[in-house]
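According to the UniProt record's numbering, the residues represented by the sequence shown are 1 to 225, in order. The beta carbon of each residue, even a glycine, is placed where N, CA and C say it ideally should be. Okay, structure first, notes after.
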Amino acid sequence: MTLIYEYDYLDINQTQWLVENEIDPLLVKSPLYRGTYPSGARFKFEMTNCGDYGWISDQNGQRYQQTHPITGAKWQPVPPVIKRIMHTEGAKLYPSFEVQSVLINVYKSCDTYPIMSFHQDITEENKEAPIVSLSFELGGDFYVAGLSHPGRDYPPTDPSVQKFLVKDGTLIILADEHRLAYHAFGTLHPFVSRTLFTRRINLTARMVYLPNKKASDDKDEISVL
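Here is the structure:
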């Protein structure tokens, strides 16, 4: 199983430059919104996407589509430096890796724990390519379990669960058997950060399709669960 965890992958100058020059401008063009589970319950965080496809969740299910669900506009391209970083790291483990979608989650203070419960990333057709994640600003607890659901206890009591502290500049990659591992995000840790922040930004790059295969140009919604 392959799980890569680099606590200090980016330094403070690099993260601040990326937030100011690539992430925040993107959030203006592709605004954050709050998704819902198929049950109708609202997410505890805001989200948006960039790339060819964006992951969305609503009462019709969880899927990838090529347009923003609120504005109806095509997703913005992945910013160039972020795309280069994600592609470089993904290709080390999967040579044909393409950054087809980047999900952007923004977490703020939350009274309910956990912020994101245990789940698998299974909406993608390509379940072989790694998932590459970068954290910005506030830190927090990231949990990774095995291929079986570890239960709903928080903090987790299942011995298979690993806990990772993430902060501004942390890289995590789930690959090989870890690609389908259950994972969760527990709570925010404001005092872990290197400066005073009010949010956590997480970028997750995925290759949605198998190599040389993409959705047809005239089909908007794909990989519906």
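For my contact list, residue i and residue j are in at a C-beta cut-off of 8 Å; report their separation, rounded to the angstrom.
| i | j | result |
| --- | --- | --- |
| residue 247 | Tyr33 | The requested residue 247 is not part of the displayed model; the chain covers only 1 to 225. |
| Ser148 | Gln76 | Actually they do not touch by this definition, with Cβ atoms about 37 Å apart. |
| Leu171 | Glu89 | 7 Å |
| Gln62 | Met207 | Contact flag wrong, Cβ pair sits at about 17 Å. |
Below 8 Å between beta carbons: does that hold for residue i and residue j?
| i | j | result |
| --- | --- | --- |
| residue 256 | Asp52 | Past the edges of the chain, shown from 1 to 225, lies residue 256, and the structure says nothing about it. |
| Tyr209 | Asn126 | yes |
| Leu188 | Ser135 | no |
| Ile82 | Ile201 | no |
| Ala145 | Ala181 | yes |
| Trp55 | Thr2 | no |
| Val166 | Phe197 | no |
| Tyr107 | Phe45 | yes |
| Gly169 | Thr15 | yes |
What does DSSP give as the partner residues of residue i in its beta bridges?
| i | result |
| --- | --- |
| Arg42 | Thr36 |
| Thr48 | Ile104 |
| Ser96 | None; Ser96 has no bridge partner. |
| Thr67 | Lys74 |
| Ser57 | Gln62 |
| Thr2 | Ala175 |
Taking 8 Å as the cut-off, does the region 124 to 136 touch the region 174 to 192 (at least 3 CB pairs, one atom from each stretch)? yes
For the structure I just gave you, are there three or more beta carbon pairs, one from the region 144 to 153 and one from the region 106 to 122, closer than 8 Å? yes
Inside the UniProt domain "Fe2OG dioxygenase" (98 to 209) only - beta strand (DSSP E) runs reaching at least 3 residues: 101 to 107, 116 to 119, 131 to 137, 139 to 144, 162 to 166, 171 to 175, 183 to 189 and 200 to 206
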